[in-house]
Amino acid sequence: MPYLTAEQQNELREIAEAIVAPGKGLLAADESTGSIGKRLATIGLENTEPNRQAYRQLLFTADASMSDAISGVILFDETFWQKTDDGTPFVELLKSKNIIPGIKLDTGMVELLGTNAETTTQGLDGLGDRCANYKKNGAQFAKWRCALKIGDGRPSQTAIIENANVLARYASICQLNGIVPIVEPEILPDGEHTLEVTQAVTEKVLAAVYKALSDHNVFLEGTLLKPNMVTAGFQCPTQYTPEQNALATVTALSRTVPPAVPGVTFLSGGQSEENATLNLNSINQVKGVRRPWALTFSYGRALQASVLKAWAGKPENIPAAQQELVKRAKSNGLAALGKYVSSGAGVAGDESLFEKNRVY
Numbered sequence: 107m108p109y110l111t112a113e114q115q116n117e118l119r120e121i122a123e124a125i126v127a128p129g130k131g132l133l134a135a136d137e138s139t140g141s142i143g144k145r146l147a148t149i150g151l152e153n154t155e156p157n158r159q160a161y162r163q164l165l166f167t168a169d170a171s172m173s174d175a176i177s178g179v180i181l182f183d184e185t186f187w188q189k190t191d192d193g194t195p196f197v198e199l200l201k202s203k204n205i206i207p208g209i210k211l212d213t214g215m216v217e218l219l220g221t222n223a224e225t226t227t228q229g230l231d232g233l234g235d236r237c238a239n240y241k242k243n244g245a246q247f248a249k250w251r252c253a254l255k256i257g258d259g260r261p262s263q264t265a266i267i268e269n270a271n272v273l274a275r276y277a278s279i280c281q282l283n284g285i286v287p288i289v290e291p292e293i294l295p296d297g298e299h300t301l302e303v304t305q306a307v308t309e310k311v312l313a314a315v316y317k318a319l320s321d322h323n324v325f326l327e328g329t330l331l332k333p334n335m336v337t338a339g340f341q342c343p344t345q346y347t348p349e350q351n352a353l354a355t356v357t358a359l360s361r362t363v364p365p366a367v368p369g370v371t372f373l374s375g376g377q378s379e380e381n382a383t384l385n386l387n388s389i390n391q392v393k394g395v396r397r398p399w400a401l402t403f404s405y406g407r408a409l410q411a412s413v414l415k416a417w418a419g420k421p422e423n424i425p426a427a428q429q430e431l432v433k434r435a436k437s438n439g440l441a442a443l444g445k446y447v448s449s450g451a452g453v454a455g456d457e458s459l460f461e462k463n464r465v466y
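Below you can see the structure in the form of structure tokens.
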């Protein structure tokens, strides 16, 4: 990589490898103001800055054992600059728990002209300066989400190539500023498509992403991938087992993701908390297909649904809510090792967390 020194490469590699250390994954707490408002509304809380700060403080002040399974936290810009009630910056609080702070860098999606309601993601303007500022203030990694749809001729080649190039440009800018880019090409689960269709589309999309990363001279050892698990559409009448989902997922990755990539941090994609854990566990138990990368989690809803329900916006419920977070984190840490044995769902039960045409 001619534009990165050996020191820069080593720093990026070390951060990426720390994020996907055995039995560890990410807490995605990077919901936008609008998205977190939807979560708070489910427990009757108004979407105000103090309420958003109180909820994120609840998450980040959970028992220190959380760091046994949580290696890093993805933050939204507002959250990145917030502090606890005693004045401790959230970033410093996380670092004190040996948790790596990260930042969501994209600024949302816009429609692609001439496509069937397909999108690309904004945020490249001024990205270098923003990366430098976040790095200076403690961010070590970042995330950028693109979303593609299945059905009615989608994803189109236009959408696949455009989103792959946007992800690659973002990744190269991050690396120039010492930030590990997490590349997220999410294939939305909306629709009746089968597991086999999802696998084929996933392979096509990931192949385009890694071609673009190569074209942009991105240092793969200093990146991570955040893809969807390969599952059928949520409206598909055929039900597949975790073992079937796992084999399709690992097969798709083995055909497209270079072994130089340190790890894959799956999004939960609207699965229930328990299903997201069971599928991750099965992915780490697949036999007969090479798995040269760490396969772990980067969950938002699948780590927080029970937390929100247990909290209900009441101060006296904070300890119980934090226990739910630690429980889900440890369950997924075990699943990242293929060692999870179900002990039952959390407070949120086994309810689906699917959102149609999800934005955040």
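Everything in the sequence shown is counted per this note's numbering, starting at 107 for the first residue and increasing by one. Glycine included, each C-beta is placed from N, C-alpha and C at the ideal position.
Item, Value
"Does the pairing of the segment 359-366 with the segment 301-321 give three or more beta-carbon distances under 8 Å?", "yes"
"So the candidates are ASN222, ILE285, ALA338 and THR226; which of them puts its Cα closest to the Cα of VAL216?", "THR226"
"Can you name, in chain order, every residue of its own chain whose Cβ lies under 6 Å from the Cβ of ILE142, other than the five neighbours on each side?", "ARG158"
"Which term fits LYS130, buried or exposed, when burial requires 16 or more other beta carbons within 10 angstroms of its beta carbon?", "buried"
"Taking C-alpha atoms, which residue in THR402, GLU327, SER448 and THR154 lies nearest to PRO365?", "GLU327"
"Return helix, strand or coil for LEU301, following the three-state DSSP convention.", "helix"
"So PHE86 packs on ILE206, CB below 8 Å; how close in whole Å?", "Residue 86 lies beyond the stretch modelled for the chain, which goes from 107 to 466, so this question has no answer here."
"Expressed to the nearest angstrom, what Euclidean distance is found between the alpha-carbon atoms of VAL289 and LYS317?", "13 Å"
"For the beta strand (DSSP E) that ILE293 lies in, which residues bound it at each end?", "286-293"
"State the DSSP-derived secondary structure class of TRP250, mapped to helix, strand or coil.", "strand"
"Given 8 Å as the limit, is there contact between the segment 167-174 and the segment 425-433, that is, 3 or more CB pairs closer than that?", "yes"
"Going residue by residue through the segment 110-195, where are the continuous beta strand (DSSP E) segments of at least 3 residues, counting only ones entirely within it?", "131-135 and 176-181"
"Identify the residues that DSSP records as bridge partners of THR371: which are they?", "THR402"
"Residues in the same chain with beta-carbon distance under 8 Å from LYS241, minus the five sequence neighbours each way, listed in chain order, please.", "ASN283, GLY284 and ILE285"
"In this structure, how does DSSP classify THR225 when only helix, strand and coil are distinguished?", "strand"
"To the nearest angstrom, report how far apart LYS297 and GLY193 are at their CA atoms.", "For the sequence presented, residue 297 should be read as Gly rather than Lys. Approximately 46 Å, taken between the alpha carbons."
"Residues in the same chain with beta-carbon distance under 6 Å from LEU330, minus the five sequence neighbours each way, listed in chain order, please.", "ALA122, ILE288, GLY369 and THR371"
"Are the CB atoms of THR139 and THR167 within a distance shorter than 8 Å?", "no"
"Using C-beta distances below 8 Å, list every residue in its chain close to LEU353, excluding the 5 sequence neighbours before and after it, in chain order.", "VAL392 and VAL395"
"DSSP beta-bridge partners for GLY339?", "Its beta-bridge partners do not exist; DSSP assigns none."
"Give the range of the alpha helix (DSSP H) segment to which GLY439 is assigned.", "424-441"
"Which whole-angstrom value is the C-beta distance of LYS201 and GLY244, which I expect to be below 8 Å?", "7 Å"
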